[in-house]
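Comments concern the structure below.
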Amino acid sequence: MMTDVRNLPWVGASLTVVGATDATLVGRRGLVVNETRETLQLLDGEQHLTLGKVGLSFSIDGDDAVIDGSLMRQRPEDRTNRNYRKV
5 MMTDVRNLPW VGASLTVVGA TDATLVGRRG LVVNETRETL QLLDGEQHLT
55 LGKVGLSFSI DGDDAVIDGS LMRQRPEDRT NRNYRKV
C-alpha cells in the first residue's frame, strides 16, 4: 500500500507550484523549510518564500498528484493523521 503524499511530512521535500491565483508563482520550486496551518515556507536558492496555501496548487517531490492547498489548511501534525478522499 502506497502512502499518500498528503499524509507525509513536507519539511525537507521539494515543492513545485503547478497553479496559483498569482500567475507569477506558477513554476516556482524550492525546498520546504517550514509549514504552518496557512502557509508554506520555501527555500528557492538563497531566497526564502512564504506562500499561502489558499489559492495554490502544487506537487511534492515530483509526484504526479496535484495538491490543492485550500484543502490542506490544517496544522502539519494534524494533516499527517487525516484520511483524504482519493483524487
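Numbering (the numbering used here), first residue to last: 5 to 91.
For each residue, glycine too, the CB sits at the ideal point set by N, CA and C.
From a predicted model like this one, the values you see are computed outputs, not experimental measurements.
Cα-Cα separation, D68 to R41: As the crow flies, the alpha-carbon of D68 is around 23 Å from that of R41.
Continuous beta strand (DSSP E) assignments of at least 3 residues falling wholly in the region 5-91: Runs found: 18-24, 33-39, 43-48, 51-56, 60-64.
Selection from N87, G49, Q51, L44 that minimises the alpha carbon distance to S63: With distances taken between Cα atoms, S63 lies closest to L44.
Straight-line Cα distance separating T54 from R77: If you draw a straight line from the Cα of R77 to the Cα of T54, it comes to about 15 Å.
Nearest-angstrom Cα separation, counted from V37 out to R79: It is roughly 15 Å from the alpha-carbon of R79 to the alpha-carbon of V37.
Selected residue, minimal CA-CA separation from D48, among R86, N11, R10, L19: Taking the Cα of D48 as reference, the smallest distance to any Cα among R86, N11, R10, L19 is reached at L19.
Length of the line joining the Cα atoms of Q51 and L75: Cα-Cα distance, rounded: 26 Å.
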